[in-house]
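Novice: Please see the structure below; I have some questions.
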Amino acid sequence: MVVVNTKNDAVHAAAQQGYAKEAQAYARGRPDYPAALSDWLAHTLGLGPGRQVADVGAGTGKFTALLATTGADVVGVEPVDAMRAKIDALQLPTVRTLAGTAQAIPLPDATLDAVVCAQAFHWFAGTDALDEFHRVLRPGGKLGLVWNVRDESVDWVAELTTIITPFEGDAPRFYKGDWKQPFPHPGFSALAETRLQHEHVGPPEQVIIDRFMSVSFIAALPDAERQQVRAQIEELIARHPALRGQDTVRFPYTTLAYHCERL
Numbered sequence: 059m060v061v062v063n064t065k066n067d068a069v070h071a072a073a074q075q076g077y078a079k080e081a082q083a084y085a086r087g088r089p090d091y092p093a094a095l096s097d098w099l100a101h102t103l104g105l106g107p108g109r110q111v112a113d114v115g116a117g118t119g120k121f122t123a124l125l126a127t128t129g130a131d132v133v134g135v136e137p138v139d140a141m142r143a144k145i146d147a148l149q150l151p152t153v154r155t156l157a158g159t160a161q162a163i164p165l166p167d168a169t170l171d172a173v174v175c176a177q178a179f180h181w182f183a184g185t186d187a188l189d190e191f192h193r194v195l196r197p198g199g200k201l202g203l204v205w206n207v208r209d210e211s212v213d214w215v216a217e218l219t220t221i222i223t224p225f226e227g228d229a230p231r232f233y234k235g236d237w238k239q240p241f242p243h244p245g246f247s248a249l250a251e252t253r254l255q256h257e258h259v260g261p262p263e264q265v266i267i268d269r270f271m272s273v274s275f276i277a278a279l280p281d282a283e284r285q286q287v288r289a290q291i292e293e294l295i296a297r298h299p300a301l302r303g304q305d306t307v308r309f310p311y312t313t314l315a316y317h318c319e320r321l
């Protein structure tokens, strides 16, 4: 989920303001991850009991909690206080949280078996972040980058994107592809990609409204503009035949998981 604008090494305003304001909606509305990703964590990243992993840009801890199920010791690194408090509230016994950024992880050199960024790397993609990941990883340690990407081949999903895109400004976005620019990196092997199909199933208020109102640059808007966006989303739900009157909707995603190894 969150964090740094590498242009000035500070937390991007859209992340700082938006995620602080809508941490609760973020926790409610963001999808979890497909069950098959647990196998990827265990077999591709090698996570399990006795392993040490950092979730960088940990947000409210959705992915942090999944990492904890591997039995590994987990550090959630997150700069936004309101988000980090959500992780602490989960009271996960194998998880501790630290205030930090991708460029300044408060851990010693070569102490981690893996670094994972879920819904986050596009916020801080840069050579400086990869240099820092290289520093904290042991030789042979793994870097994992994960995104749940909306399936915009579905018409109503594409309409939702059309509603929010005019407000994105300079906020980093996965779809722009800028996150790929720091690769290849001399400290890491080539990236390998895994694709998994996924759905977020639940009431439209959760999987659509909370999901989109917690988008960083939407959450950071002035209240009047934010309410206008919400009204457009509610109008779409009320008129679209796949959504109208539905107590439960199935929001389609493709989960993209990338990994490489510290050389």
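Under my numbering, residues 59 to 321 are what the sequence shown spells out, in order. Don't be surprised by glycine CBs; every beta carbon is placed ideally from N, CA and C.
#1: If you draw a straight line from the alpha carbon of T313 to that of A176, how long is it in whole angstroms?
#2: Do you know how far the Cα of A278 is from the Cα of R284?
#3: At what residues does the beta strand (DSSP E) containing K200 begin and finish?
#4: I'd like to know if the region 116-131 and the region 174-194 are in contact, where contact means that at least 3 CB-CB pairs between them fall below 8 Å.
#5: With distances taken Cα to Cα, identify the nearest neighbour of V132 among A140, Q149 and D139.
#6: Have a look at A123 and Q286 and give me their C-alpha separation to the nearest angstrom.
#7: Taking DSSP's pairing of strands, which residues face F182 in a bridge?
#8: What are the start and end residues of the beta strand (DSSP E) that includes Q285?
#9: Tell me the rounded alpha-carbon separation between G108 and F241.
#10: Report yes or no: do the region 208-220 and the region 157-164 share at least 3 C-beta pairs separated by less than 8 Å?
#11: Touch check for the region 254-263 and the region 304-319: three-plus C-beta pairs under 8 Å?
#12: Quick one, are the C-beta atoms of S274 and A229 less than 8 Å apart?
#13: Taking the alpha carbon of F232 as the reference point, which residue from E263, A183, P244 and S247 has its own alpha carbon closest?
#14: If you draw a straight line from the alpha carbon of G245 to that of P151, how long is it in whole angstroms?
#15: Taking the DSSP output, what are the residues bridged to Y311?
#16: Excluding the five sequence neighbours on either side, which residues of its own chain have a C-beta within less than 8 Å of the C-beta of I267, listed in chain order?
Specialist: Let's see:
#1: On the sequence shown, position 255 is the one that residue 313 refers to. On the sequence shown, position 118 is the one that residue 176 refers to. Each residue's alpha carbon lies about 10 Å from the other.
#2: Taking the first residue of the sequence shown as position 1, residue 284 is located at position 226. Taking the first residue of the sequence shown as position 1, residue 278 is located at position 220. Near 8 Å, if we compare the C-alpha coordinates of A278 and R284.
#3: Looking up residue 200 in the sequence shown gives position 142. Where K200 is concerned, the enclosing beta strand (DSSP E) stretches over L195 to R208.
#4: Because the criterion of three Cβ pairs below 8 Å is met, the region 116-131 and the region 174-194 touch.
#5: For the purposes of this step, residue 132 is identified with residue 74 of the sequence shown, where counting begins at 1. Cα-wise, what sits closest to V132 is Q149.
#6: As a working note, residue 123 is residue 65 in the sequence shown. As a working note, residue 286 is residue 228 in the sequence shown. Going from the Cα of A123 to the Cα of Q286 covers about 34 Å.
#7: Within the sequence shown, the letter at position 124 stands for residue 182. Per DSSP, none; premise fails for F182.
#8: In the sequence shown, residue 285 corresponds to position 227, counting from 1. For Q285, no beta strand (DSSP E) encloses it; the enclosing alpha helix (DSSP H) starts and ends at D281 to R297.
#9: The residue labelled residue 108 in the question sits at position 50 within the sequence shown. The residue labelled residue 241 in the question sits at position 183 within the sequence shown. Their Cα atoms are separated by approximately 30 Å.
#10: Remark: fewer than three beta-carbon pairs, one from each stretch, lie closer than 8 Å, so the region 208-220 and the region 157-164 are not flagged as touching.
#11: With three or more CB-CB distances shorter than 8 Å, the region 254-263 counts as touching the region 304-319.
#12: The residue you call residue 274 lines up with position 216 of the sequence shown. The residue you call residue 229 lines up with position 171 of the sequence shown. Cβ atoms of S274 and A229: closer than 8 Å.
#13: Working through the sequence shown from its first residue, we reach residue 232 at position 174. The shortest C-alpha separation from F232 is found at A183.
#14: Your numbering for residue 245 matches position 187 in the sequence shown. Your numbering for residue 151 matches position 93 in the sequence shown. Distance between the alpha carbons of G245 and P151: 32 Å.
#15: Residue 311 sits at position 253 when you count from the first residue of the sequence shown. According to DSSP, which records beta bridges pairwise, Y311 is partnered with R208 and H256.
#16: Locating residue 267 in the sequence shown gives position 209, where the first residue counts as 1. Excluding residues within five positions, the ones whose Cβ falls inside 8 Å are G87, R288, I291, E292 and I295.
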